[in-house]
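Below: the structure, in C-alpha cells.
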Amino acid sequence: MLSASLAFTRRLPGRAFAAACLGAAVLASASVAAQAEPRRPECIAPAQPGGGFDLTCRLTQAALQESGALKNPLRIVYMPGGVGAVAYNTIVAQRPAEGGSIVAFSGGSLLNLAQGKFGRYTVDDVRWLAAVGADYGVAVVRDDSPYQTLDDLMQALRQDPAKVVFGAGGTVGSQDWMKAALTAKAAGVDYKRMRFVAFEGGGEGITALRGNHIQAYMGDAAEAVTTLEGGAPIRILAVFHSERLPGRLADVPTAREQGYDIEWPIIRGFYLGPKVSDADYQWWVEAFEKTMGSEAFARLQAQQGLFPFSLTGPELDAYVKEQVRQYGELARSFGLVN
Amino acid sequence: MNGVLEHLSQGFGVAFTPLNLLVAAIGSFFGTIVGVLPGLGPINGVAMLIPVAFAMNLPPETALILLAAVYVGAEYGGRITSILINVPGEAASVMTTLDGYPLARQGLGSVALSLSAWASFFGSLVAFFGIVIFAPLLARWALAFGPAEYFVLMVFAFCCLTGLLGSEPVKGVLAAMIGLAISTVGVDANSGVYRFAFDSPNLSDGIDFVVVVIALFAISEMLQMLEHVVGGLSVKVPKSGRKLFNFAEFRFTLPSVVRSSLTGFGLGVLPGAGASVASAIAYANEKRITEQRDPDAKFGRGDMRGLTAPESANNASATGSFIPMLTLGVPGSGTTAVMMGALTLYNITPGPVLFDAQPQLVWGLIASLLVANVMLLIMNVPMVRVFASILSVPPWLLVPGIVCVSIIGVYSINATRFDLLLVAGIGLVGYFLRKAHMPMAPLILGVVLGNLMEQNLRRALAISDGDVVILFSSAVSVAFWVLSLGVILLPPLYRRWKKRSLLPEIAE
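Chains as they are written, first to last, in full-length UniProt numbering: chain A, 1 to 338; chain B, 1 to 508.
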C-alpha cells in the first residue's frame, strides 16, 4: 500500500527537478491571483509511522509536490492516539488557528466521532478540507473454504450463526466490526448472535483465517490485494461497494450483485483547525483541487491501493456531516451508543 | 539440502558485495547506538532509517539489509546500559538487568559485556541456521497458533515466572498484579470500550510499554542513585582488569546459552510472542533448571548464566521473527512490522511466494543477518572498553545525562507532554516500590504478558461463545498445559525426592 510514495521518492532527483520547473512555471502564471502559501505546511498523521494515516500523508506529500501546488515541502508529523482522537483534541483545543497544519482522517475516525469517542468535540468543531481517495470493505475466506460465494456464507450463517466465526482487525464498534454486523444483518441474523473476534491489525486476522481459527475475515480491498499478491491462499467473496472495483479485484462481484445490500466505503482525507482563516482554507481547497485533477495523482493514488474519491470544501463538509449522522444512527441500531 | 546450500551461496553473493557489506556495518553500528539509548528501541531505529534508505536510492535488498542490521544491532546495544547502569536500553533487555547489573557492581562489567556479546551472537547463530533449514516448516508452526494456543502459551509464561519470585513471593505477586492493572488501561481491543482512560484521549491507547520501562527503570533508578549520592553512600565500582571472559566462564555458561537460544528461536517464530517474552521465559527456565542442580547458583545477585540466558534468547527471537515475515507475510514483532511497511514501499509483498519470486532478496537478507552478527561481535570487543568507561563517569554528570536521554526517548513515542508527566509519576511510584523491595521484573512482565493473555483468552472465548473447552482442544494447547503443570509441580517434587534420597546417607 505504501508503494506509491516510495516509488516516487526513489525516483526523486530527476522528478524533483521536473516538478520544480513545473512548479515555477505554474507559480509565475498564478502568483498574481493566488493567495500566499500557508507558513510551515505540515501533514499530521494521527498514528504511528507506517499505518493508513501515514500513507494518506505520504500520498499527499508526493502529489502536492508533483503538481507544484505546494512550493515548500510538506512535513509529516505523527500524533498517535485513539484513531485520531488525540490529534482532533489537540487541533481543536490547542492549535485551532494553524493554517499550515492539515490532519489526516479516515472513515474510522468519523465512526468514532459519531460514537462520541473523540471526547467532547463533535463533527462541527473542525473545517473539513478534502477527501483524497477511498477504500472499500471486502469479505475474505480461505481458498479451500466451503463458502465459494457470499450466498454460501449467508446460507451457513442463517442455518447456524455459531458455525461462522468472523474476525477483523478492529474492536467491537469499529468499522471492521460494522462490516461483520452488516453482513449478519443482511443474512437476517441478529448481530448479537454473531461470533466476532477482534484482532490487532489485519495481519493477525489474516493469519488466524489461514490457520482456520476463524472462518471469515472482514477486511479492506487494498489490504486484500496486497495479501493476494503475496501469494496467500485466500478468496475474496464480495466487495462492499455499489460497483465493481478496477484492477485485480475486477472479477470479484459486489455484495449487491449477489443479492445483499451491503456497502462500506472508507474515505481518507484531511481537515483543518476550526479557527483557520478563510483565505488559508481556500488556498488548500484550490491546491487539492488542482492536484487531484492531474493524471499523476491518479497514478499515485492507484499505487497506494486507494480508489478514486475526490471531494473538497463545502461538498466534503456536507458529505462528512451526513456520514457522521448515518454512522450515529447505525451505531444506535447496533446498541453501541445510547 | 543441496538446494539450501545453493540458495545460501547466492545469498552470500548478495551479502558480500561491497555496498551491502558497508551498509551492514553502518546499520550494525547505528543499531547499537539506538539500542544503547534508553527509550529508543529497534522500532525507532528502523523507522528512522526507512526514509534515509529511500532518499539514497538503495535497491530493495540493500535497504532491507540496512534495516535488518539496525534491528540486530539494537538487540546487541540494549544490553549495554542494562548491565552498566541498570537501565534497559530497550524492552527485551529488562531481564538482562537482573544479573548483568550486579556483575557490573562487582567489578565484572567488562567481562559481562563481552560475555553477553558472545551469548547474543550465539543466539543469532542458532536462529540463522533455524531459518536456513526450517523456514517453510516453521511457518506451519506459526499458523497452528490461534487465540486459544496463545492464551495457553501465556499461561505457560506466567508459570515459568513463578520461579522469579524468590524469597518474598507475596511482593513478587503484588508487583505482577500492578503490571496487570497497568495493562488494562486504554481501549479494550475486543469490545472497543475505554477502560480507566478517565475521558482523556492521551490514555485511550493505554500506557505505552516504553513509558513504563523508562519510568520504573531509568527514573526510579536515578532517584535511588541520587539518594545514595546525597546520603553520602559510595557508588564506586571496583575496577576490573580483565576485558574478556575466560574459558572457564565460557564453559560455565555454554549450556544456558544453547538452551536459551533454542527457546528464544521457537518463541520468535510465533508472531504473537516476541523478544521480551522470549527473554523472560528463557531467564526463568534457566534459573529453575540450574538452581536445582547447583546449590551455588546466585541468580539475581550476579550469576553469569542469568546474564547469558536472556541475551541469547532475545537475539534468537529477533532473528527468528523474520520467519513469519518472509514466509507468511505476517510480522513476527513490532520491528518486522515496520520493515514490512518498507518492503511494500518497494512494491514487494512479503508472503508465501516471496522465496520463489525474490530469492536474491530473501537469501541476501538471511546471509546478511549472519554477516551483521559477525560484524557486531567483532565491533563489540573494542566497544566494551569504551562503554565500560561509562562506569567512571561521575554521578553528577551521569544521572542528568541518562534522565535527558530517557525523556527524549519517551517524548519521541507520542510527542505529547502528557507522557512526560506520566513517566515522572510512575517513576516516583517506582522509587517507593523499590524502597519497599518490590521486584521490578514481574511488574514489567505483567504489563507485557497481561495484555496478550487477556486479549487472546477473550478472542478464544469469542470463537467458542464462552465454552472453555476450546482452551484444551488442540494438541498444541494440551502440550503447553502439561508443560505449565510440569514447571509448577516438578521443582517441589524434585526437592522432596532429593531430600529423601539424602536421608539414608545422613542416617548412616
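Every residue, glycine too, gets a C-beta built ideally from N, C-alpha and C. Keep in mind it's a predicted model, so treat the numbers as computed, not measured.
- Of all residues in the region 453-464 of chain B, the ones placed with a Cβ closer than 8 angstroms to any Cβ belonging to chain A are Q455, R459, A462 and I463, in chain order.
- Between R127/A and L311/A, the beta carbon gap of about 14 angstroms keeps them out of contact (Cβ cut-off 8 angstroms).
- Assignment of beta-bridge partners to W396/B by DSSP yields no partner.
- A buried status is given to K179/A, since no fewer than 16 other beta-carbon atoms sit within 10 Å of its beta-carbon.
- About 15 angstroms separates the beta carbons of A68/B and A316/B, which is beyond the 8 angstroms limit, so they are not a contact pair.
- DSSP places A280/B in the helix class (H, G or I) of the three-state scheme.
- For N451/B, no Cβ of chain A is located within less than 7 angstroms of the residue's own Cβ.
- Residue contact check for G329/B against chain A: a CB pair falls below 7 angstroms.
- Going by beta carbons, P60/B and I348/B fall inside the 7 angstroms limit.
- Boundaries of the alpha helix (DSSP H) around I182/B: P169 to S183.
- Excluding five sequence positions before and after S256/B, the CB atoms of its chain that fall closer than 6 angstroms to its own CB belong to E286, R305, T308 and A309, given in chain order.
- According to DSSP, F105/A shares a beta bridge with G269/A.
- Between G100/B and the set L377/B, G302/B, P382/B and D465/B, the nearest pair of CA atoms involves G302/B.
- Judged by DSSP in its simplified three-state form, Y136/A adopts strand.
- One thing to note: G192/B has its Cβ within 7 angstroms of the Cβ of T171/A.
- Secondary structure at A248/B: helix, using DSSP grouped into helix, strand and coil.
- Under the Cβ criterion (8 angstroms, minimum of three pairs), the region 141-152 of chain B does not count as touching the region 418-426 of chain B.
- Looking at the backbone, the Cα of K192/A and that of G84/A are separated by about 28 angstroms.
- Contact with chain A is found for L143/B, since one of that chain's Cβ atoms lies less than 7 angstroms from the residue's Cβ.
- In terms of Cα proximity to Q455/B, the closest of V197/A, V252/A and E289/A is V197/A.
- With a threshold of 16 other beta carbon atoms within 10 Å, M56/B falls short and is exposed.
- Taking a Cβ-Cβ cut-off of 8 angstroms, the neighbours of G351/B in chain A comprise T227, E229, G230, G231 and A232, given in sequence order.
- D205/B has a beta carbon lying within less than 7 angstroms of a beta carbon in chain A.
- According to the DSSP assignment, E90/B belongs to no beta strand (DSSP E), since it is labelled neither H nor E.
- Rounded to whole angstroms, the Cβ separation of Y71/B and G31/B is 7 angstroms, and the two are in contact under 8 angstroms.
- Sequence-distant partners of L110/A (beyond 5 residues in either direction) whose C-beta falls short of 7 angstroms from its own C-beta, in its chain, are V320, Q323, V324 and Y327.
- Partner residues in the beta bridge of W128/A, as assigned by DSSP, are Y271/A.
- Within 8 angstroms of the CB of S312/B, no CB atom of chain A is found; the nearest one sits about 27 angstroms away.
- Spatial neighbours of Q301/A in its own chain (CB-CB distance under 6 angstroms, excluding positions within 5 residues in sequence) are listed in chain order as G133.
- Taking 7 angstroms as the cut-off, the Cβ atoms of Y431/B and S220/B count as close.
- The region 182-227 of chain A is shown to contain whole alpha helix (DSSP H) runs of 4 or more residues at 202-210, in chain order.
- Secondary structure note for I234/A: its beta strand (DSSP E) is the uninterrupted segment I234 to F240.
- Contact check between the region 353-368 of chain B and the region 390-400 of chain B: fewer than three CB pairs, one atom from each, fall below 8 angstroms, which does not count as touching.
- Neighbours of M79/A across chain B, judged by C-beta separation under 7 angstroms: A415.
- At a C-beta separation below 7 angstroms, E200/A has these neighbours in chain B: A189.
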